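In what follows, a single structure is set out as structure tokens and then discussed.
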Amino acid sequence: MFNSFMKYKFLFSVIFISFLINKETLAIVTKSTGDVKYKSYLSDEFSNELKMGSQLFNNDLIITDSDGFVKFSYLDDGTTIKIHHDSELYVRGQVNKKSISKRINMSNGLLKLDVSKQNNDEFMVITPTSVASVKGTSFILKSNEDGDSFFGYEGTVEIRNKESNQIVKLSKNLKVISNNDGSINSQIVTPNDLNPIETFIEMDEDNEEPVENYFIDESETINELIIKVYNSDGEEREIIIKYNE
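Mapping of the sequence shown onto my numbering: position 136 corresponds to residue 454, and the numbering continues sequentially without gaps.
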């Protein structure tokens with residue numbers, strides 16, 4: 319199942335240990351490789367200091383270059399976003415008690431989203447062309463100046479074209495094409511659609527498992543990665559992420 323390189327397959331389950339999450343922290347970075355630019359909501363300047371364990375806040379900006387890759391998980395439910403090469407997005411959201419109202423504003427690029435079932439508000443993904451409303455699903459989004467391509471793996475996503483306000487639902491094995499001229503339609507996904515995208519994804523993720531594999535072999539050993547973070551009051555908190563190797 320694995321090549322000679324050691325690879326981790328995160329379950330993205332975030333467990334809180336005897337504490338409430340920081341009232342401002344939305345997510346934590348679990349992987350960052352290649353050329354990645356990061357601008358904190360508190361700063362006007364970009365930094366290259368985005369690494370595993372970095373906290374993400376409302377209005378943080380992430381830009382990946384041609385070899386850049388970032389993976390982060392939200393603290394309330396483990397919803398995971400994989401930002402692939404040549405992408406630009408803002409992380410946005412608001413903490414409400416123990417849940418987070420989540421939103422991604424994406425200018426362009428390639429995302430892989432594994433969204434846990436949302437209890438209250440929908441997870442929103444906004445591009446210059448489309449608005450996607452997500453309750454809990456897995457899908458890929460490719461966005462550029464011409465429009466958006468959505469590829470469904472699990473669940474349902476409601477996609478609205480901003481120009482025409484027409485709504486189309488994305489589900490498993492379908493793709494939705496939303497164009498900046500207002501047109502939007504759904505089609506059956508073909509290998510020719512996915513092969514180029516999956517090739518890029520596997521390259522970005524250092525040959526991780528193919529994107530359609532969402533199971534863990536029960537015979538594999540489950541390990542834990544403990545990441546210590548600190549809130550604005552200096553209190554230490556632990557995030558435990560389970561993985562297998």
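Backbone N, C-alpha and C fix where the C-beta goes; we use that ideal spot for every residue, glycine too.
Here the structure is a predicted model, which means the values were calculated and not measured.
{"Check": "Buried or exposed for K435, going by 16 or more other Cβ atoms inside 10 Å?", "Outcome": "exposed"}
{"Check": "Which same chain residues end up closer than 7 Å to L512 when comparing Cβ atoms and leaving out the 5 residues on each side of it in sequence?", "Outcome": "F469"}
{"Check": "Spatial neighbours of N491 within its chain, please: CB distance less than 7 Å, with the 5 preceding and 5 following residues excluded, ordered by chain position.", "Outcome": "G470, I506, V507"}
{"Check": "Based on DSSP bridge pairs, tell me the residues matched to G470.", "Outcome": "F457"}
{"Check": "Please report how far the alpha carbon of F375 lies from the alpha carbon of L459, in whole angstroms.", "Outcome": "22 Å"}
{"Check": "Would you call N479 buried or exposed, if buried means 16 or more other Cβ atoms sit within 10 Å of its Cβ?", "Outcome": "buried"}
{"Check": "Only counting the same chain, and skipping five residues up and downstream in sequence, which positions put a Cβ closer than 6 Å to that of M424?", "Outcome": "L407, T445, S461"}
{"Check": "Pull up the distance between the alpha-carbon of V475 and that of I495, whole angstroms please.", "Outcome": "13 Å"}
{"Check": "Between which two residues does the beta strand (DSSP E) holding N483 run?", "Outcome": "Counting along the chain, N483 falls outside any beta strand (DSSP E), and DSSP gives it neither H nor E."}
{"Check": "Report the residue from P509, N510, S456, T447 whose alpha carbon sits nearest the alpha carbon of I485.", "Outcome": "T447"}
{"Check": "With distances taken from CA atoms, which of S391, N497, K493 is nearest P509?", "Outcome": "K493"}
{"Check": "Among residues of its own chain, excluding the 5 on either side of M370, which ones have a beta-carbon nearer than 8 Å to its beta-carbon?", "Outcome": "V347, T348, K349, S350, I545"}
{"Check": "Which residue comes first and which comes last in the beta strand (DSSP E) that contains N497?", "Outcome": "492-497"}
{"Check": "To the nearest angstrom, report how far apart K357 and Q412 are at their CA atoms.", "Outcome": "18 Å"}
{"Check": "Using a Cβ-Cβ cut-off of 8 Å (strictly less than) and excluding sequence neighbours within five positions of N503, which residues of its own chain qualify?", "Outcome": "V486, V494, I495"}
{"Check": "Assuming contact is defined by CB atoms lying nearer than 7 Å, are S451 and E440 in contact in what I supplied?", "Outcome": "yes"}
{"Check": "Quick one: grab the DSSP three-state call for L379.", "Outcome": "strand"}
{"Check": "Return the residue from the list I380, T343, G427, N437 that minimises the CA-CA distance to L393.", "Outcome": "T343"}
{"Check": "Got a sec? Which residues, its chain only, sit under 6 Å from S456 by beta carbon, not counting five neighbours each side?", "Outcome": "D432, Y471, E472"}
{"Check": "Could you check how far apart the C-beta atoms of N438 and S405 are, in whole angstroms? I think they sit under 8 Å.", "Outcome": "The pair is not a contact, with the Cβ atoms about 28 Å apart (cut-off 8 Å)."}
{"Check": "Pull up the distance between the alpha-carbon of L368 and that of G454, whole angstroms please.", "Outcome": "27 Å"}
{"Check": "From the DSSP output, which residues share a beta bridge with N503?", "Outcome": "I495"}
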